[in-house]
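**Q** Per this note's numbering, the sequence shown starts with residue 179, numbered consecutively.
Got a structure for you, questions after.
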Amino acid sequence: MAYDVGKADFRITKVISTATYTENQPFSLKLIQGINITYLKLRLKMNYTTNDTTAPTAIEDGVAKLVKNLRLQYDGGAKTPIRVINLQQLNLYSQHLRQGRLANDQPPEATGETGTKYVDAVIVPSLSTDKQDPRYCIPGEVVSGVEIVGTWGNAADVWVDGANATINSATLEVTMEAGWSFGPEEEELRRALAVDDQGNVYMPLWQTRSVQWNGAYDGLGFAIELPTDVIIRKIFIVAKDSNAKRSDSVISEVAVRAADNVDVYGVLDWTVAQKQKAEELEMNPVTGCLLIDCVEDIRDRRFAIAKAGLVTTKVGKLYLRFSTTAAGSADLLFDCIRKVKILEAAKAK
Numbered sequence: 179m180a181y182d183v184g185k186a187d188f189r190i191t192k193v194i195s196t197a198t199y200t201e202n203q204p205f206s207l208k209l210i211q212g213i214n215i216t217y218l219k220l221r222l223k224m225n226y227t228t229n230d231t232t233a234p235t236a237i238e239d240g241v242a243k244l245v246k247n248l249r250l251q252y253d254g255g256a257k258t259p260i261r262v263i264n265l266q267q268l269n270l271y272s273q274h275l276r277q278g279r280l281a282n283d284q285p286p287e288a289t290g291e292t293g294t295k296y297v298d299a300v301i302v303p304s305l306s307t308d309k310q311d312p313r314y315c316i317p318g319e320v321v322s323g324v325e326i327v328g329t330w331g332n333a334a335d336v337w338v339d340g341a342n343a344t345i346n347s348a349t350l351e352v353t354m355e356a357g358w359s360f361g362p363e364e365e366e367l368r369r370a371l372a373v374d375d376q377g378n379v380y381m382p383l384w385q386t387r388s389v390q391w392n393g394a395y396d397g398l399g400f401a402i403e404l405p406t407d408v409i410i411r412k413i414f415i416v417a418k419d420s421n422a423k424r425s426d427s428v429i430s431e432v433a434v435r436a437a438d439n440v441d442v443y444g445v446l447d448w449t450v451a452q453k454q455k456a457e458e459l460e461m462n463p464v465t466g467c468l469l470i471d472c473v474e475d476i477r478d479r480r481f482a483i484a485k486a487g488l489v490t491t492k493v494g495k496l497y498l499r500f501s502t503t504a505a506g507s508a509d510l511l512f513d514c515i516r517k518v519k520i521l522e523a524a525k526a527k
């Protein structure tokens with residue numbers, strides 16, 4: 179797709195920043211400044227050795243869980259448009275943006291083994307997930323100090339009790355950064371990024387939540403209030419059983435429902451909704467995962483704007499509701515946008 183970007187330059191840079199593993203310590207990855215970021219690709223690389231005689235017990239997605247509280251921030255951390263609970267959540271969400279084609283290696287359980295495992299993920303601010311789409315980008319030409327930060331875990335995040343295996347080394351790399359550079363051409367930047375006359379632009383705002391329930395809830399009886407004052411583009415659910423393993427059996431039904439009991443999405447059987455979305459995305463279902471695309475799946479104009487998403491300011495409170503069969507939990511990612519002021523108001527002509 180062609181975009182109206184005037185004389186701007188589109189740049190793709192590979193392997194721009196690397197963070198090295200130190201257990202339980204924070205890290206930061208500096209991003210290229212002066213570029214309006216439209217696409218980022220990350221790769222976690224973990225080298226390990228397992229015990230010669232006693233096999234370790236893997237934790238599901240344990241390699242990905244080595245990276246926690248991952249955030250993209252700017253202005254010295256004052257603004258955080260992108261955040262996820264851990265790399266597991268980002269990888270599983272990324273699989274649904276890239277047709278399940280990204281690495282998510284599981285921890286080894288063989289004895290006497292040394293090797294390397296990989297986990298990949300992407301951050302795509304645009305709705306179309308096109309690397310070149312300038313809309314909803316991270317406007318690095320007009321904000322400062324854009325970086326990715328997080329915290330390393332330790333071997334106990336990868337294997338049960340961290341026993342019978344050692345992390346020799348690990349790195350998290352930004353393997354690709356793409357975006358537009360407009361230089362001094364502010365008018366072209368305003369047009370391409372759809373900056374309004376007051377200097378505001380829609381930017382991504384990812385919000386996360388972890389919820390737990392202690393038993394069965396019938397009739398969509400478990401409710402989570404949706405974020406307010408945003409446009410929600412996608413809702414991504416990772417359902418887990420009481421042992422924190424991804425599961426397709428703990429949630430039986432799902433819906434998005436207004437406070438007046440109007441169903442905005444659903445009611446749908448979990449596995450039916452999961453299979454339908456996987457078919458649309460031309461990928462296999464991922465255990466425990468469901469993507470609700472609020473642009474494509476919610477068409478009621480009382481609640482949604484065409485080609486934008488679910489507008490939580492247009493109506494009263496909205497809820498994500500589950501019927502559950504047993505105790506469990508869910509990690510939730512709300513991929514939203516909202517207006518942020520990045521420039522001065524345009525001068526009257």
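Yeah, the Cβ is synthetic: ideal placement off N, Cα and C, and Gly gets one too.
Hey, would you say G506 sits closer than 8 Å to K418, going by beta carbons?
**A** Yes, Cβ-Cβ distance for G506 and K418 is below 8 Å.
**Q** Beta-carbon within less than 7 Å of Y314's beta-carbon, same chain only, minus the 5 sequence neighbours each way: which residues are those?
**A** Same-chain partners within the cutoff: P303, S304, L305, Y380, M381, P382 and I515.
**Q** Checking the sheet assignment: what are the DSSP bridge partners for W448?
**A** None; W448 has no bridge partner.
**Q** Would E457 and L446 be called neighbours here (beta carbons separated by less than 8 Å)?
**A** No, these two residues do not count as a Cβ contact at 8 Å.
**Q** Excluding sequence positions up to five away, which residues of its chain have a Cβ less than 6 Å from the Cβ of K519?
**A** Around K519: G377 and N378.
**Q** Going by C-alpha distance, which of E238, A242, T235 and N264 is nearest R249?
**A** Ranking E238, A242, T235 and N264 by Cα distance to R249 puts N264 first.
**Q** With distances taken from CA atoms, which of I476, K485, K423 and V324 is nearest A256?
**A** Out of I476, K485, K423 and V324, V324 has the C-alpha closest to the C-alpha of A256.
**Q** For a test of your reading of the model: does the CB of Y271 fall under 7 Å from any non-hydrogen atom of the ligand SAM? Yes or no.
**A** Summarising the ligand content, the structure contains no ligands, and the ligand SAM is consequently not present.
**Q** In the structure shown, what three-state DSSP assignment does V131 receive?
**A** Outside the shown range of the chain (179 to 527) lies residue 131, about which nothing can therefore be said.
**Q** What does DSSP give as the partner residue(s) for C467 in the beta ladder?
**A** BP columns for C467 point to V416.
**Q** Could you please give me the residues that DSSP links to P317 through a beta bridge?
**A** P317 is bridged to N214.
**Q** Count the CB pairs spanning the region 271 to 281 and the region 326 to 335 that are closer than 8 Å, and state whether there are at least three.
**A** Contact fails: fewer than three Cβ-Cβ distances are below 8 Å.
**Q** Please classify K495: does DSSP put it in a helix, a strand, or coil?
**A** Residue state, collapsed to three classes: coil.
**Q** If you scan the region 232 to 318 from start to end, which runs of the alpha helix (DSSP H) of 4 or more residues do you find wholly inside it?
**A** Runs found: 265 to 275.
**Q** Measure the C-alpha to C-alpha separation of L459 and E201 and round it to an integer number of angstroms.
**A** Each residue's Cα considered, the two are about 37 Å apart.
**Q** Measuring alpha carbon to alpha carbon, tell me which of G487, C472 and G444 ends up nearest F500.
**A** It is G444.
**Q** Hey, Y226 and G293 are a contact pair by Cβ (cut 8 Å); roughly how many whole angstroms apart?
**A** Confirmed, about 7 Å.
**Q** Return the chain-ordered list of same chain residues with a C-beta closer than 7 Å to the C-beta of A341, the five sequence neighbours on each side being excluded.
**A** These residues qualify, in order along the chain: P234.
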